[in-house]
Amino acid sequence: MTEARRRFARYHPDFLLLAVDLLGTYVFAVEGAMTAIRANLDILGLLVLSFATALGGGIIRDMLIGAVPPNSIRDWRYGATALAGGGTVFFFYQFFQNVPQPLMITLDAAGLGLFAVAGAEKALEFGINPLIAVLMGGVTGVGGGTIRDVLLAQIPAVLRTDVYAAAALAGAIVVVVGIRIKLPRGLVMSVGAAACFVLRMVAVWQHWNLPRVIAH
Amino acid sequence: MTEARRRFARYHPDFLLLAVDLLGTYVFAVEGAMTAIRANLDILGLLVLSFATALGGGIIRDMLIGAVPPNSIRDWRYGATALAGGGTVFFFYQFFQNVPQPLMITLDAAGLGLFAVAGAEKALEFGINPLIAVLMGGVTGVGGGTIRDVLLAQIPAVLRTDVYAAAALAGAIVVVVGIRIKLPRGLVMSVGAAACFVLRMVAVWQHWNLPRVIAH
Amino acid sequence: MTEARRRFARYHPDFLLLAVDLLGTYVFAVEGAMTAIRANLDILGLLVLSFATALGGGIIRDMLIGAVPPNSIRDWRYGATALAGGGTVFFFYQFFQNVPQPLMITLDAAGLGLFAVAGAEKALEFGINPLIAVLMGGVTGVGGGTIRDVLLAQIPAVLRTDVYAAAALAGAIVVVVGIRIKLPRGLVMSVGAAACFVLRMVAVWQHWNLPRVIAH
Chain A
1 MTEARRRFAR YHPDFLLLAV DLLGTYVFAV EGAMTAIRAN LDILGLLVLS
51 FATALGGGII RDMLIGAVPP NSIRDWRYGA TALAGGGTVF FFYQFFQNVP
101 QPLMITLDAA GLGLFAVAGA EKALEFGINP LIAVLMGGVT GVGGGTIRDV
151 LLAQIPAVLR TDVYAAAALA GAIVVVVGIR IKLPRGLVMS VGAAACFVLR
201 MVAVWQHWNL PRVIAH
Chain B
1 MTEARRRFAR YHPDFLLLAV DLLGTYVFAV EGAMTAIRAN LDILGLLVLS
51 FATALGGGII RDMLIGAVPP NSIRDWRYGA TALAGGGTVF FFYQFFQNVP
101 QPLMITLDAA GLGLFAVAGA EKALEFGINP LIAVLMGGVT GVGGGTIRDV
151 LLAQIPAVLR TDVYAAAALA GAIVVVVGIR IKLPRGLVMS VGAAACFVLR
201 MVAVWQHWNL PRVIAH
Chain C
1 MTEARRRFAR YHPDFLLLAV DLLGTYVFAV EGAMTAIRAN LDILGLLVLS
51 FATALGGGII RDMLIGAVPP NSIRDWRYGA TALAGGGTVF FFYQFFQNVP
101 QPLMITLDAA GLGLFAVAGA EKALEFGINP LIAVLMGGVT GVGGGTIRDV
151 LLAQIPAVLR TDVYAAAALA GAIVVVVGIR IKLPRGLVMS VGAAACFVLR
201 MVAVWQHWNL PRVIAH
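Chains as they are written, first to last, in the UniProt record's numbering: chain A, 1 to 216; chain B, 1 to 216; chain C, 1 to 216.
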């Protein structure tokens, strides 16, 4: 570990990064809880879906890259934030239901971008090769939503609709390429998250979908 | 590790604890096998469901807290007990079908209590924080049934019905709080398992359900 | 580690073994992609299903036996092969659709045999007991297909139809028994893979199914 890396490790996660990460966790937890209510789950099912949606992607990534126990198991603030997201929806469902759809989509896209770049960066730090690091960025972004849909016995939405996972992968590619050509880490991660965010928003706005093969 | 902990580690698992644990494994395996038959699975699907229902919760917990390889992968007696549970159902289905429902519910509640307190205690031993240790107790208790339901492409029953996971969490809370305030471990685990058991039985008897938000 | 084992470790995986392994990966990835197209997934869902079907079984095995990060996360060639399998199906679906069914079944049976014996052998190398090592062979062979089916919200085909997982387990048993009685590793693995392959092919040809209990 170089001196720079050691310093990074000592100060990491800094307050801003942690705050942004917990905000993303909260947003994803709220979405999991809203889905749970629509599926007629009870308070406990709601909390499980909040937890799984918010933290599932990061947990899968950490287990795959060997960062065990996963960050959100080791640090109680992640679990607490996820449960807080579920709890506020339980008590203030009326309020959350009236949040304008575009605002939710915007917050979700922001969370997606953050999770994707953080996931790719962490995979690289653990010595994972670039191809898989990109996939780990994608997994971090969409893994939670995938678990949520599997628990509801539905085909995961990310597998069939919209440019969602693709936006996460785009952000992760920016990070992996940028770090490989030794651009500053902070810059690379900001640009990657922005790329994911913009791609996702434009895709929603323009109704972009990925190509598919028609079976016959 | 203190002298007391070292001694605990040296003698653990003692014969009684192991016997009780394997009994819980057997009961859960039987339930998995009964579900498999109702879903028209063949002998192999039946054994898979026995194994997953009986050992899935503990395996998820062990992988999340970093106890790898999981206990039931390392110790052949767990796998053998789970397969024995499935095998006896396959050959004596008639008999198991005639076991009175209240007896099955009672045995299941006992297994749930045991798994929940054992899961929470193990998480604490591995240095997991109290909040997540409680959740790990819950995961140990209901994880196997959740995997079983996912494999059958159904929404896990624990997410939507009854006071089941809630009872597991209650037992885990007793353990985590009790150990934090340094009560004797054996006492704490017994009280926790009893609390889970009683809560579950009363909930079945009184048809308790958790509150839910009605979507509209 | 004995001198013999050390030598094995130094040369492993040799070129032939790697080539065969990647070929199996490619075949399973193609099957995952074909299923994705039939389920009307987009290009990304197709690649996810290719990756999960081809590598899911080995990833679960590696995580359970403590070989973390899993081989296919550490070595980019596995992920690249899986994505190549998905990509060629996307661009040449017409061609793959016209591949005769018996050829696909034959290739699949070959891949199954290879995965099963490789999985059992690796579990033994990691000090896993014989019973679980056999199950790990089965998991390696059918885990990917199980994940694929769960993602499509279907009951995994291996749980209810044909002699498929049973063939994988048979191959794994040959390996575990053979290595225990100290027969040459290469011989044991070849015979195990052949046993799995032949059993699977005969089962398809003769429409063999495993027994099941009829619920009433």
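In this text, a Cβ means the ideal position worked out from N, Cα and C, and glycines have one as well.
Inter-residue Cα distance where the pair is residue i and residue j
i: residue 24 of chain B; j: residue 62 of chain B; result: 17 Å
i: residue 119 of chain B; j: residue 98 of chain C; result: 52 Å
i: residue 125 of chain C; j: residue 82 of chain B; result: 24 Å
i: residue 46 of chain A; j: residue 178 of chain C; result: 50 Å
i: residue 268 of chain A; j: residue 91 of chain B; result: Past the edges of chain A, shown from 1 to 216, lies residue 268 of chain A, and the structure says nothing about it.
i: residue 151 of chain A; j: residue 208 of chain C; result: 33 Å
i: residue 121 of chain B; j: residue 181 of chain B; result: 14 Å
i: residue 132 of chain C; j: residue 123 of chain C; result: 8 Å
i: residue 148 of chain A; j: residue 60 of chain A; result: 13 Å
i: residue 80 of chain B; j: residue 107 of chain B; result: 20 Å
i: residue 17 of chain A; j: residue 70 of chain C; result: 29 Å
i: residue 49 of chain C; j: residue 165 of chain A; result: 13 Å
i: residue 104 of chain C; j: residue 185 of chain B; result: 57 Å
i: residue 22 of chain A; j: residue 146 of chain C; result: 33 Å
i: residue 39 of chain A; j: residue 100 of chain B; result: 32 Å
i: residue 162 of chain B; j: residue 19 of chain B; result: 29 Å
i: residue 206 of chain A; j: residue 96 of chain C; result: 33 Å
i: residue 137 of chain B; j: residue 64 of chain B; result: 12 Å
i: residue 7 of chain C; j: residue 15 of chain B; result: Confidence at residue 7 of chain C is low in this model, with a pLDDT of 44, below 50, so the placement of that residue is unreliable and no value is reported for it.
i: residue 128 of chain B; j: residue 127 of chain A; result: 25 Å
i: residue 187 of chain C; j: residue 51 of chain B; result: 31 Å
Beta-carbon proximity check, residue i vs residue j, cutoff 7 Å
i: residue 192 of chain B; j: residue 174 of chain B; result: yes
i: residue 93 of chain B; j: residue 213 of chain C; result: yes
i: residue 153 of chain A; j: residue 171 of chain A; result: no
i: residue 57 of chain C; j: residue 68 of chain B; result: no
i: residue 176 of chain B; j: residue 130 of chain B; result: yes
i: residue 41 of chain B; j: residue 78 of chain B; result: no
i: residue 168 of chain A; j: residue 142 of chain A; result: yes
i: residue 189 of chain A; j: residue 139 of chain A; result: no
i: residue 210 of chain C; j: residue 37 of chain B; result: no
i: residue 85 of chain B; j: residue 29 of chain B; result: yes
i: residue 53 of chain A; j: residue 144 of chain A; result: yes
DSSP state of residue i mapped onto helix, strand, coil
i: residue 182 of chain B; result: coil
i: residue 88 of chain C; result: helix
i: residue 66 of chain C; result: coil
i: residue 209 of chain C; result: coil
i: residue 26 of chain C; result: helix
i: residue 215 of chain A; result: coil
i: residue 161 of chain C; result: coil
i: residue 152 of chain A; result: coil
i: residue 127 of chain A; result: coil
i: residue 21 of chain C; result: helix
i: residue 139 of chain C; result: helix
i: residue 108 of chain A; result: helix
i: residue 16 of chain C; result: helix
i: residue 100 of chain C; result: coil
i: residue 169 of chain A; result: helix
i: residue 145 of chain C; result: helix
i: residue 71 of chain B; result: helix
i: residue 239 of chain A; result: In the structure displayed, chain A extends from 1 to 216; residue 239 of chain A sits before or after that span and is not available.
i: residue 39 of chain B; result: coil
**OP:** Taking 8 Å as the threshold, find out whether the segment 104-115 of chain B comes into contact with the segment 194-202 of chain B through three or more Cβ pairs.
**Re:** yes
Original post:
Listed from N- to C-terminal order along the chain, which residues in the segment 200-211 of chain C have their beta-carbon within a distance smaller than 7 Å of any beta-carbon of chain B?
Top reply: 209, 210 and 211
Original post:
Of the residues that make up the segment 39-67 of chain A, which ones have a beta carbon closer than 8 Å to any beta carbon in chain B?
Top reply: 39, 40, 41, 42, 43, 44, 45, 46, 48, 49, 51, 59 and 63
Original post:
Between the segment 145-168 of chain A and chain B, which residues of the former have a C-beta closer than 7 Å to a C-beta of the latter?
Top reply: 150, 151, 152 and 153
Original post:
Is the segment 66-77 of chain A in contact with the segment 154-161 of chain A, if contact means three or more CB pairs nearer than 8 Å?
Top reply: no
Subject >> Under 8 Å (Cβ pairs) to chain B, residues found in the segment 90-103 of chain A >> reply: Answer set for the segment 90-103 of chain A: 90 and 93.
Subject >> Residues of the segment 172-190 of chain A whose Cβ lies closer than 8 Å to any Cβ of chain B, in chain order >> reply: Cβ contacts with chain B: none found.
Original post:
For the segment 110-129 of chain C, which residues have a beta carbon sitting closer than 8 Å to at least one beta carbon of chain B?
Top reply: 126, 128 and 129
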